[in-house]
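Positions in the sequence shown are counted from 1; adding 76 to them yields our numbering.
For glycine and all other residues, C-beta sits at the position ideal for the given N, C-alpha and C.
Remember, it's a predicted structure, so these values are computed and weren't measured experimentally.
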Amino acid sequence: MGFGVLEPKAEGHVPGTVYIYDENQSQGSPNTALLKHGTGKYSHIVLAPQPSDDPNDPLNWPKTEKNLILAILAFGAIICGSGPGAILQAGVLPVSQSLGVSLTKITLLAGYVLLSAGAFGIFVSGLARKFGKRPLYIFCSLMAVIGCIVGECATTYPTLVAARIIQGFGVGAYESLIVASIGDLYFVHERGPRVALVMFLLATISNGVLVIAGPITANLGWHYNFHILMPFVGLQLLLTIFFVPETTYVRKKIYEIDETGSDQNLEALGQDEERHRHAEEKMAKTTSQQEEAVSRTITQVTIPPKRKTYVQRLAIFNGVFVHDSLLKMILAPLAILLNVGASYNVLVSGICLACWLHICCTLDWSVIAFALMGVVAKPQLLWMVKRNGGVYEPEFQLLGIAVGGLTSVAGMVGFGYTAQGFKSIYVICFCWGLMMFGLCIIAISTSAYALDAFRQHSTELFIMNMLFKNFFYYGLTNYIVDWLMTQGPAKMFNVIAGITAGCVLTTIPMYVYGKRYRRYWAHHNLIKILRLETDLTGTEAAE
């Protein structure tokens with residue numbers, strides 16, 4: 077039992093649990109000493125998943141290429157994901173006067189973005205599983221461009237509604253697939269700061285958009301929000317087409333040591349790596365006359381294919397990754413809620429993010445939370461792994477919620493009472509920032525946990541996260557203003573604080589019993605039992 081995480085009663089590997097800290101490789105775990113390790117200051121870290129010998133495996137791509145891909149996707153999260161929904165919110169009155177409609181109708185425009193994103197999200201999951209993520213990223217970027225063009229030309233309310241719905245289609249992939257793409261590109265020990273970055277951009281950057289869009293609307297008119305956004309979405313579309321290749325990759329299960337890392341699999345993989353090393357050393361020492369014979373020896377091990385050319389990597393479609401009906405894959409995100417860990421993530425992060433977006437977060441405190449989780453959390457996590465005998469448990473990611481829960485609840489209660497009595501503006505701002513600081517940590521921690529604990533279902537899980545958050549947020553827009561006006565900020569924020577505290581408290585059983593549940597789900601996977609999931613080779617996933 078490591079740091080309070082209970083071990084399963086039955087023996088055997090638990091998906092998500094992985095041995096990654098091998099401080100002395102020559103004296104490390106006998107089953108990991110021969111596996112591939114990191115480089116430099118991470119040379120003692122066992123890479124999980126283990127990269128294959130295929131240069132087309134995203135785990136083998138140069139770090140600069142991976143970071144460029146993530147930077148473009150993060151740019152898309154800003155321009156196509158969180159930005160469009162907020163560009164008109166700072167100018168509700170001018171837009172209302174320009175189109176001759178009520179303020180309520182203009183306020184609902186942001187809700188239409190969320191509704192269309194949520195409705196399309198369920199199809200994003202199935203299409204991404206079947207055809208890969210690249211086509212969805214390109215399609216959503218294209219929808220962002222088209223929506224922006226329609227918004228530029230909008231002179232009537234129905235046209236503006238159409239623009240917002242189209243922009244919502246552009247949100248789908250960038251709200252739900254980026255975290256899964258991080259799982260495609262990076263090893264377990266590299267994901268934390270990058271997940272923190274993506275969650276920060278998706279949840280807080282809209283506040284910065286409000287600050288920019290307000291003066292634009294006041295000085296130039298609301299159409300200029302679309303005019304100024306247009307070159308950015310156009311640039312992001314081009315960058316996605318030319319520099320974001322497909323990251324979905326069919327890797328043999330034996331390399332997925334975080335999912336199938338049994339002692340037998342680790343030993344077999346280690347022996348395979350050793351055979352490759354001996355074959356390569358033999359090739360290096362051989363004379364030109366012996367090269368053909370040695371080549372045959374290496375062929376018996378494996379012949380890794382060549383890296384695709386740049387032009388080949390530009391292909392929008394890269395084949396079918398799952399040979400199964402699209403309907404089954406569309407239903408799979410709904411079925412993922414049968415997984416208690418997935419439901420926990422959807423509920424906790426969805427409610428917190430919806431409240432976060434509705435209240436409109438403070439950018440500075442969110443930056444502090446991002447810095448804390450991106451810079452401080454990683455060394456702390458590696459320290460825990462070292463103290464746990466080199467074994468990483470996804471539940472370690474949940475410890476940050478203790479800080480997030482205390483600060484967010486305290487901030488909500490404090491903000492409600494100080495706003496009710498019109499206390500010092502400095503105290504009000506401090507409580508507001510404290511609340512957002514905590515909510516940011518909760519969102520980052522739950523997302524990092526979900527990615528590592530249930531990476532196999534990460535696409536479906538984050539699709540449902542987006543769908544629940546968007547629909548819940550839209551539901552709040554229908555009554556939260558009336559609630560605030562009739563009950564006052566103190567009562568309203570006390571209720572929200574209570575709901576948040578209740579969600580946070582569910583983390584305790586999830587942390588303590590999470591490993592046992594992960595093993596139970598691995599042997600009683602209801603998605604597989606219902607035959608809604610196939611493995612990436614198109615055959616029914618075996619137990």
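Practice problem: Would you list the residues sitting across from Ile-584 in a DSSP beta bridge? | Solution: Numbered from its first residue, the sequence shown carries residue 584 at position 508. In the DSSP secondary-structure assignment, Ile-584 is not bridged to any residue.
Quiz prompt | Residue interval of the alpha helix (DSSP H) (run including Pro-127) | solution = Position 51 of the sequence shown holds residue 127. Counting along the chain, Pro-127 falls outside any alpha helix (DSSP H), and DSSP gives it neither H nor E.
Quiz item: How is Gly-197 classed by DSSP in three states: helix, strand or coil?
Solution: By one-based count along the sequence shown, residue 197 stands at place 121. Three-state result, Gly-197: helix.
Quiz item: Of the residues Ile-584, Gly-152, Cys-507 and Arg-383, which one's Cα is nearest the Cα of Gly-80?
Solution: By one-based count along the sequence shown, residue 80 stands at place 4. Nearest C-alpha to Gly-80: Ile-584.
Quiz item: What are the complete alpha helix (DSSP H) segments, minimum 4 residues, inside the region 119 to 189?
Solution: Listed in chain order, they are 139 to 152 and 168 to 175.
Exercise. Identify the continuous alpha helix (DSSP H) that holds Met-449 and give its terminal residues.
Key: For the purposes of this step, residue 449 is taken as residue 373 along the sequence shown, with counting starting at 1. Segment: none, Met-449 is in no alpha helix (DSSP H) and carries neither H nor E.
Quiz item: Within this structure, are the beta carbons of Gly-197 and Gly-248 separated by less than 8 angstroms?
Solution: The residue you call residue 197 lines up with position 121 of the sequence shown. The residue you call residue 248 lines up with position 172 of the sequence shown. In contact: Gly-197 and Gly-248 (Cβ atoms closer than 8 angstroms).
Quiz item: Three or more beta-carbon pairs under 8 angstroms between the region 455 to 462 and the region 572 to 579, yes or no?
Solution: No, the region 455 to 462 does not touch the region 572 to 579.
Quiz item: Using 8 angstroms as the Cβ pair cut-off and three pairs as the minimum, do the region 148 to 164 and the region 210 to 220 touch?
Solution: Counting Cβ pairs under 8 angstroms, three or more are found: they touch.
Exercise. Say whether the region 237 to 248 touches the region 419 to 429, bearing in mind that this needs 3 or more beta-carbon pairs closer than 8 angstroms, one atom from each stretch.
Key: No, because fewer than three Cβ pairs between the region 237 to 248 and the region 419 to 429 fall closer than 8 angstroms, the two stretches do not touch.
Quiz item: Could you give the uninterrupted runs of the beta strand (DSSP E) lying entirely in the region 213 to 244, keeping only those of 3 residues or more?
Solution: Listed in chain order, there is nothing to give.
Quiz item: So, helix, strand or coil for Pro-416, using DSSP?
Solution: Numbered from 1 along the sequence shown, position 340 holds the residue referred to as residue 416. Position check: residue 416 holds Val in this sequence, whereas Pro was assumed. Here DSSP, grouped into helix, strand and coil, assigns Val-416 to helix.
Quiz item: Would the region 498 to 518 and the region 532 to 548 be scored as touching if the rule is three or more Cβ pairs under 8 angstroms?
Solution: No, the region 498 to 518 is not in contact with the region 532 to 548.
Quiz item: Excluding five sequence neighbours on each side, which residues of the same chain lie with their C-beta closer than 6 angstroms to the C-beta of Gln-103?
Solution: As a working note, residue 103 is residue 27 in the sequence shown. In this prediction, Gln-103 scores a pLDDT of 48, lower than 50, which makes its location untrustworthy; the coordinate-derived value is nonetheless stated afterwards. Contacts found: none.
Quiz item: Can you check whether the CB of Phe-276 is closer than 8 angstroms to the CB of Phe-491?
Solution: On the sequence shown, position 415 is the one that residue 491 refers to. On the sequence shown, position 200 is the one that residue 276 refers to. Against a cut-off of 8 angstroms, the Cβ pair of Phe-276 and Phe-491 comes out as no contact.
Quiz prompt | For Val-247: DSSP bridge partner residues | solution = As a working mapping, residue 247 is identified with position 171 in the sequence shown. Bridge partners of Val-247: none, in fact.
Exercise. Report the rounded CA-to-CA distance for Thr-615 versus Pro-170, giving the unit in angstroms.
Key: By one-based count along the sequence shown, residue 615 stands at place 539. By one-based count along the sequence shown, residue 170 stands at place 94. Because Thr-615 carries a pLDDT of 35, less than 50, the predicted location of this residue cannot be relied on, and no value is offered for it.
Exercise. List the residues that DSSP assigns as beta-bridge partners of His-113.
Key: Translated into the one-based positions of the sequence shown, residue 113 becomes position 37. According to the DSSP secondary-structure assignment, His-113 is paired through a beta bridge with Val-122.
Quiz item: Quick one: what does DSSP say Ala-618 is sitting in, helix, strand or coil?
Solution: For the purposes of this step, residue 618 is identified with residue 542 of the sequence shown, where counting begins at 1. Any reading at Ala-618 must be qualified, since the residue scores a pLDDT of 35, below 50, and its modelled position is unreliable; no value is offered.
Quiz prompt | Chain-order list of residues whose beta-carbon lies under 6 angstroms from that of Thr-235 (same chain, five-residue window excluded) | solution = Taking the first residue of the sequence shown as position 1, residue 235 is located at position 159. Contacts found: none.
Quiz item: How many whole angstroms separate the CB atoms of Ser-217 and Cys-156, which I take to be in contact at a CB cut-off of 8 angstroms?
Solution: Here residue 217 is taken as the residue at index 141 of the sequence shown, counted from 1. Here residue 156 is taken as the residue at index 80 of the sequence shown, counted from 1. At roughly 6 angstroms, the Cβ-Cβ gap stays under 8 angstroms, so Ser-217 and Cys-156 are in contact.
Quiz item: Out of Leu-474, Tyr-95, Ser-128 and Lys-545, which has the shortest C-alpha to C-alpha gap to Ile-518?
Solution: As a first step, residue 518 must be located in the sequence shown, where it is residue number 442. Of the candidates Leu-474, Tyr-95, Ser-128 and Lys-545, the residue whose Cα lies closest to the Cα of Ile-518 is Leu-474.
Exercise. Check whether the region 110 to 121 touches the region 259 to 269, counting contact only when three or more Cβ pairs, one atom from each stretch, lie closer than 8 angstroms.
Key: Touching, per the Cβ criterion.
Practice problem: Please classify His-89: is it buried, with 16 or more other beta-carbons within 10 angstroms of its beta-carbon, or exposed? | Solution: To locate residue 89, count along the sequence shown from 1; it is residue 13. Label assigned to His-89: buried.
Exercise. Quick one: residues in its chain with C-beta nearer than 7 angstroms to the C-beta of Ile-292, no 5 flanking neighbours on either side, listed in chain order?
Key: In the sequence shown, the residue the question calls residue 292 occupies position 216. Cβ neighbours of Ile-292 beyond the five flanking positions: Tyr-300, Asn-301 and Ile-304.
Quiz item: For Leu-403, is the classification buried or exposed, using 16 other Cβ atoms within 10 angstroms of its Cβ as the cut-off for buried?
Solution: In the sequence shown, counting from the first residue as 1, residue 403 sits at position 327. For Leu-403, the number of other beta carbons within 10 angstroms of its own is below 16, and it is reported as exposed.
Quiz item: Based on Cα-Cα distance, which residue from Ile-556, Ile-317 and Tyr-525 lies nearest to Ala-430?
Solution: To locate residue 430, count along the sequence shown from 1; it is residue 354. If we check each option's Cα against that of Ala-430, Ile-556 comes out closest.
Quiz prompt | Segments of 4+ residues assigned as alpha helix (DSSP H) that fall wholly inside the region 513 to 583 | solution = If we require 4 residues or more, the alpha helix (DSSP H) runs fully inside the region 513 to 583 come out as 534 to 553 and 556 to 581.
Quiz prompt | Neighbour-count burial assignment, Asp-260, 16 or more Cβ in a 10 Å radius | solution = Position 184 of the sequence shown holds residue 260. Buried, by the Cβ-count rule.
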